[in-house]
Amino acid sequence: MNNRGDRRRRLAKACDHCRKGKVRCDGTRPVCGRCRGCGNECHYADVDKPDPRQRRSRVPSRNSTGITIVEETFDGAGASSALLSDSAVVQTVAHPQLHLQAHDELHSFTESSPAQTLAATDTSPRDTIVGGHGDMRYFGPPSGISLVSTATPRKSGQHTPESWSKWTHPSIEPLFTKRVMKPLPSWTGAFSLVSEFFTHEHQVFPCFNAPAFMCLLGQQYSGTGTESPAWWVSLNSVLAIAQRRRAEAAQSAEAEDLAWAYASNALAGTWDVLMRSTQLSSVQALLAIAWFFIGTPNPQPSFMLVGCAVRLAHSIGIHVESQDPSVSSAEANMRKKVFWIAICLDRELCLRTGRPPCHDLNAAYVDPPMGSLDETEIIKTVEGHELNLFKGQIQLAAIQSAIYQDLHSSKAPPNGIADSVTDLLQKLENWRTEFVSSLTHDSAGRCEHHGLMRLYFSYYNAVIVVSRAHSLTYWVSPNHPEMSALPSKMRDSIENCLNASRCIIGLSKLIPVTWKSFHWDVIPIPMSAVVILCIMTLRNPMNENARNDMGLVGDVMQIFRTLDEAYGNTYLTQVQKVCQELYRKAHYAVQSSGAQLVESINVEPPALQASSNASQQESHQHHTDNMFGFNMDVFEQTMPYPVPMLWDLDTSLWTSIV
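Mapping to UniProt numbering: the sequence shown position 398 is 398, numbers consecutive.
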């Protein structure tokens with residue numbers, strides 16, 4: 001009866017023991033290879049097929065509801081490891097069951113439950129212990145537990161029945177009660193929002209597996225969804241991100257409030273994820289809600305959430321290469337992808353603020369998933385070129401890590417600042433040539449995909465940070481030397497800063513006004529550009545580019561004012577005052593130098609002319625120095641974050657606004 005040709009029974013492709021352990025089963029009968037090697041009892045849960053006439057009678061009712069989910073148990077042993085494309089996800093809303101095919105990569109996202117498990121004992125590193133609820137704990141070489149876990153080989157499917165992260169004191173147990181601030185939308189609305197997320201955000205933030213996510217979404221609306229807090233946070237974060245995009249396109253305050261309502265749902269479950277959920281999906285959940293807050297007027301939550309995500313990645317061991325041969329390629333790829341998303345966000349935020357990163361790539365390094373990047377992460381530029389945004393992010397994050405380590409860490413660079421700057425600039429140039437060769441200082445540019453525009457801003461910001469380190473004396477010294485007296489390499493660094501600042505402002509002018517979340521995301525970078533151009537103008541108001549630079553700064557100041565008026569009482573209010581003061585003084589210096597040039601055309605007696613010129617030069621120099629040395633203490637006392645790129649003569653360290 002159990003032969004392969006029996007059409008009256010549905011034959012299981014994996015035995016019960018392998019299915020429970022979520023490991024591959026070779027399907028050999030009567031005893032599979034794993035059970036034979038471990039001495040376990042092997043049993044296949046074959047089931048009788050329903051009557052064909054009964055199945056046909058149930059089809060109309062299943063299709064009419066539009067939200068009934070296929071109730072077959074996922075069989076990871078016989079599933080294909082190929083990833084579905086996004087085109088397979090965005091299907092008709094009337095048939096959500098089409099997305100419930102069995103896939104090995106589902107284990108890269110789902111929480112431990114009777115139907116799905118995030119990761120089993122055999123699919124974890126040798127130093128990772130998995131509890132009864134699927135919670136994972138990684139113990140590295142310094143830990144005494146690692147000696148036991150390494151010296152004692154585990155049997156297939158073996159795991160500890162106890163939980164490593166679920167214990168809480170009864171006094172704080174009410175904090176983890178699931179709170180619904182805003183009910184979820186209807187199935188049609190949710191499916192549409194999630195589909196938009198994978199269409200527009202997945203290329204720049206590929207944190208989730210699209211088929212697995214859509215599968216869990218179907219379960220959520222069929223009444224068989226998981227109670228995992230990580231899934232609740234992830235779902236509401238995705239809804240909030242997609243809803244915010246709709247709100248910006250429609251310019252609707254009501255739609256924006258709805259996005260924040262879904263974000264409040266996600267935040268309500270974040271505490272539970274931080275305290276009691278230690279799985280890969282927990283890291284994904286924290287990164288998703290952090291990605292939402294990166295595009296808000298208050299970026300502080302994004303720093304905390306990204307840092308927590310990196311620490312949680314350490315807890316479950318995805319910061320090291322898995323040595324377990326039973327880890328599937330799909331799961332290994334997702335582990336690497338999630339880890340490098342956390343690294344990319346951490347490096348970008350740290351370089352903008354001058355704060356140390358949460359993870360040292362020299363201490364623990366995982367090879368990027370370069371060879372397994374799927375086509376859903378590909379975008380097309382305006383010129384028709386295909387680019388993989390995630391690949392570009394990873395490569396740039398590695399350079400950003402080297403920038404902080406070589407230029408801003410407490411340890412001095414071994415080859416000196418000059419050599420380090422030269423090497424880093426060459427790496428940035430190689431990245432630009434390989435990834436976006438069309439990106440040049442002279443290119444007019446057109447608005448591209450928002451993920452690509454974000455990479456452009458990050459690249460130019462990195463150029464400024466590197467070049468500024470070599471020419472720091474010129475920017476911070478009150479008694480600044482003349483440009484002609486500086487070494488040629490330092491003059492080149494100053495020009496790099498100026499050219500990059502002009503390109504940043506040029507990019508800012510390309511961004512549509514409706515992209516408010518994008519403006520809030522990248523706003524520290526144009527702030528740095530404003531300060532650099534204003535300082536240069538105050539240094540040399542007679543420069544041929546000074547008047548044009550002030551025009552560029554004026555355009556950015558208008559963007560600042562628009563954002564500040566829309567969202568009052570943010571850090572931008574105070575920073576705008578500082579930038580506005582710099583702009584006013586620099587603009588006045590340019591106007592004064594222009595008037596002085598006109599007056600010099602008039603003919604005067606030789607003696608009086610010489611005396612007048614000397615008096616005017618002395619007065620102009622004194623006026624310029626006073627403008628440059630205005631007191632910022634009033635602003636610093638009320639600033640929630642450091643003033644953008646202000647100089648400290650005692651420490652000579654540059655800071656950036658968040």
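Glycine is no exception: its CB is placed at the ideal position from the N, C-alpha and C atoms.
Please specify which runs of the alpha helix (DSSP H), each continuous and at least 4 residues long, are wholly inside the segment 376-420, giving them in chain order. Here the runs fully enclosed are 389-403.
Identify, in the order they occur along the chain, each residue of the same chain with its Cβ nearer than 6 Å to the Cβ of V530, setting aside the five sequence neighbours on each side. Cβ within range, chain order: V553, V556, C579.
Is DSSP giving V23 helix, strand or coil here? In the structure shown, the three-state DSSP call for V23 is coil.
How far does the alpha helix (DSSP H) with H470 in it extend, from its first residue to its last? 450-470
Whole-angstrom distance between A398 and Y588, CA atom to CA atom: Taken atom to atom, the span from the alpha-carbon of Y588 to that of A398 is near 42 Å.
F518 and I511 - do their beta-carbons sit closer together than 8 Å? The criterion of a C-beta distance shorter than 8 Å is satisfied by I511 and F518.
Let me know if G39 comes out buried or exposed under the rule of 16 or more other beta-carbons within 10 Å of its beta-carbon. exposed
Considering only residues of the same chain and omitting the five flanking positions on each side of H449, which have a CB-CB separation below 6 Å? The residues are I379.
Buried or exposed, going by whether 16 or more other CB atoms sit within 10 Å of the CB of S282? buried
How about E482: is its Cβ closer than 7 Å to a heavy atom in the ligand FAD? Absence of the ligand FAD from the depicted structure is noted, as is the absence of any ligand whatsoever, leaving it without description.
Closer than 7 Å by C-beta to R246: which residues in its own chain qualify, once you throw out the five before and the five after it? Chain order, please. Closer than 7 Å at the Cβ level, and outside the excluded window around R246, lie A255.
Please list the segments of the alpha helix (DSSP H) lying wholly inside the segment 543-576, counting only runs of 4 or more residues, in order along the chain. 546-566
Contact under 8 Å by Cβ, L424 with I403: Yes, they are a contact pair.
What residues are listed by DSSP as bridge partners for V47? R10
Contacts around A151, its chain only, beta-carbon distance under 7 Å, and the 5 residues preceding and following it disregarded: Caution applies to A151, whose pLDDT of 44 falls short of 50 and renders its modelled position unreliable; the value that the coordinates give is listed next. For A151, where only same-chain residues beyond five positions count, there are no Cβ hits under 7 Å.
Around the C-beta of G317, are 16 or more other C-beta atoms found within 10 angstroms, so that it is buried, or is it exposed? Buried: at least 16 other Cβ atoms inside 10 Å.
Hey, how far is the Cα of E482 from the Cα of K509? 32 Å
Could you spell out the range, first to last residue, of the alpha helix (DSSP H) harbouring V327? Segment: none, V327 is in no alpha helix (DSSP H) and carries neither H nor E.
Nearest CA to the CA of R335: which residue from G307, P301, Q284? Q284
CA-to-CA distance, I559 to P206, given in whole angstroms: 30 Å
Alpha carbon to alpha carbon, how far is L193 from R454? 23 Å
Decide if H169 is buried, meaning its Cβ has at least 16 other Cβ atoms within 10 Å, or exposed. exposed
Quick check on this structure: which residue in G568, G551, V382 has the alpha carbon closest to the alpha carbon of E590? One point to set straight first is that residue 590 is Val, not Glu, in the sequence displayed. For V590, the nearest C-alpha among the options comes from G551.
Once you ignore the five residues that flank T433 on each side, which residues in its own chain have a CB closer than 8 Å to its CB? Exclusion of the five residues before and after T433 leaves no residue of its chain whose Cβ lies closer than 8 Å to its Cβ.
Exposed or buried, what is V47 when buried is set at 16 or more other beta-carbons lying within 10 Å of its beta-carbon? exposed
Kindly indicate which three-state DSSP category K504 falls into: helix, strand or coil? Note that residue 504 corresponds to Ile in the displayed sequence, not to Lys. I504: helix per DSSP, three-state reduction.
Tell me the rounded alpha-carbon separation between R547 and R539. 13 Å
Throw me the rounded Cβ distance for the I294 and D492 pair, which I believe falls under 8 Å. About 33 Å; that fails the 8 Å criterion.
Just verifying my parser: in three-state terms, what is the DSSP assignment at T73? Below a pLDDT of 50, predicted positions are generally treated as unreliable, and T73, at 33, falls in that range; the measurement from the model is reported next regardless. Of the three classes helix, strand and coil, the one that applies to T73 here is coil, per DSSP.
Quick check on the DSSP output: the alpha helix (DSSP H) that includes A290 runs from which residue to which? Bounds of the alpha helix (DSSP H) holding A290 are 280-294.
If we ignore side chains and look at the alpha-carbon of each, how far apart do I289 and H319 end up? For I289 and H319, the gap between their C-alpha atoms comes out near 21 Å.
Reference K585, options L235, A566, N543, C534, closest by Cα: C534
Distance, Cα to Cα, W515 vs T199? 17 Å
Buried or exposed: where does L428 fall if 16 or more other Cβ atoms within 10 Å of its Cβ makes it buried? buried
Cβ-Cβ distance between M527 and V575 below 8 Å: yes
When you compare each of F208, S420, A242, S437 to E196 by their alpha carbons, which one comes out closest? A242
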